[in-house]
Amino acid sequence: MEYLETPQGRRIAYNRTAGQGPGVVFLGGFKSDMEGTKALYLQDWAEKTGRAFLRFDYSGHGQSSEDFLDGCIGDWAEDAVAAISALTEGPQVLVGSSMGGWIALLVSRALPERVAGLVGVAAAPDFTEDSMWNGFSTAQRAALDEHGQVELPSEYSDEPYIITRKLIEDGRRHLVLRDYLGLPFPVRLLQGTADLDVPQEVALRLLAHAEGEDIRLTLVKGADHRFSTPDCLDLIAASVGEVLARADG
1 MEYLETPQGR RIAYNRTAGQ GPGVVFLGGF KSDMEGTKAL YLQDWAEKTG RAFLRFDYSG
61 HGQSSEDFLD GCIGDWAEDA VAAISALTEG PQVLVGSSMG GWIALLVSRA LPERVAGLVG
121 VAAAPDFTED SMWNGFSTAQ RAALDEHGQV ELPSEYSDEP YIITRKLIED GRRHLVLRDY
181 LGLPFPVRLL QGTADLDVPQ EVALRLLAHA EGEDIRLTLV KGADHRFSTP DCLDLIAASV
241 GEVLARADG
C-alpha cells in the first residue's frame, strides 16, 4: 500500500504492479474500494501476464483521506486523473466498474492522449441524475433541499446510502450522455441482464450515444450488478485482453 498526494491536497491510497504497457487501471464503483473482487482478480491477471496495473481508492473511499459525504463525481474524477498522471506511464486501458465507468469517460475527456482503450463493467454514466434524482419522490427532493441530504436503502450494507445535495448538483456538471461523447479507441461494455442497480437500458443508451469505430456491448443473461462470478471475471479479463491487442496493433 502506498499513498499519493494529489494537487488538490487529497491523500490517495494505491497499489501498483509493474509490467509492460499499455497498462491497465481499475476504477471502482460508488462506495467501493480497491480490495473488491474485480480489482484483485485483475491484479492477479496482470501479474500472470506481465502487464502494468494500477488500482486505487478515490478520496472518501477505502484507505484514502477525506470523508465520503464530502466527495462528489468531480472530486473522484480529479483523483483518477491525478493517479493516472502520476503513477502510470504512456497509454492506459481503463476498466471502469459501475460509477467507475462514468469516471473512465471523464478521464478520457481530460487525458485523451493517455487512454488506449476502455472496458466498462455495468457502467453507470450520469447515475446521480438519471437514477437518483429522477427516481426521488417529492418528499425526498424536499428533504435534499431542506437538509442537504437524503437516505436511500442499500442492498450491499445494513447502513443506508446518504446522498448529498452536493453529489447531485456536482453530478450535473459532469454529465456525459447529453452532448458529444467521442471514444476514438477500442471500447468493450459488459452488462448483466439481471442488474437491479444499472439496468441494461443504460448500457444500450451509452452504446447508442458514444461515437467511435470500435465500440461493442456484451449482455450476459442473468448476471447481476456485482458481475463477479467466475465466468463474468473471465469475460472481463478477456475483454481487457482484446482491447489491449487492438491497442497494441
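The UniProt record's numbering puts the first residue of the sequence shown at 1, with every later residue one more than the last. Glycine residues also receive a C-beta, built at the ideal position from the N, C-alpha and C atoms.
Going by DSSP, Leu69 is part of no beta strand (DSSP E) at all; its letter is neither H nor E.
In the DSSP annotation of this structure, the continuous segment of the alpha helix (DSSP H) that includes Gln43 starts and ends at Thr37 to Thr49. Take Asp67, set aside five residues on each side of it, and the residues of its chain with a beta-carbon closer than 8 Å to its own are Gly60, in chain order.
Taking the CA atoms as reference points, Gly148 sits about 5 Å from Arg165. Taking all protein chains shown into account, Leu196 has fewer than 16 neighbouring C-beta atoms within 10 Å of its C-beta and is therefore exposed. Annotated as proximal: Thr17 and Phe53, with beta-carbon spacing under 7 Å. In terms of Cβ geometry, Leu219 and Leu207 do not form a close pair [threshold 7 Å].
The three-state reading of DSSP puts Ala52 in strand, counting E and B together.
The alpha carbon of Ala238 has as its nearest neighbour, out of Leu4, Tyr3 and Ala46, the alpha carbon of Ala46. In this structure, DSSP gives Phe30 a state outside helix and strand, which the three-state scheme calls coil. Ranked by Cα distance from Ile168, the options Ser65, Gly212, Arg141 and Gly182 are led by Arg141.
One thing to note: Leu27 has its Cβ no nearer than 7 Å to the Cβ of Gly120. Bounds of the beta strand (DSSP E) holding Leu217 are Ile215 to Val220. Around Pro153, the same chain offers Pro160 as residues with beta carbons nearer than 7 Å, after the five sequence neighbours per side are excluded. Three or more pairs of CB atoms, one per stretch, sit closer than 8 Å, so the segment 218–237 contacts the segment 184–192. In the three-state scheme derived from DSSP, where H, G and I count as helix and E and B as strand, Ala122 is classed as coil. By the neighbour-count criterion, in which a residue is buried when 16 or more other Cβ atoms sit within 10 angstroms of its Cβ, Ser64 is buried. Burial is judged here by how many other beta carbons sit within 10 angstroms of a residue's own beta carbon; Gly182 has fewer than 16 and is exposed. As DSSP reads the structure, Glu5 sits in a beta bridge with Arg11.
As DSSP reads the structure, Arg141 sits in no beta bridge. In the structure shown, the three-state DSSP call for Arg246 is helix. Leu206 sits in a helix when the DSSP states are folded into three classes. Looking at the DSSP output, Tyr161 bridges to Leu152. Leu190 is bridged by DSSP to Val121 and Thr218.
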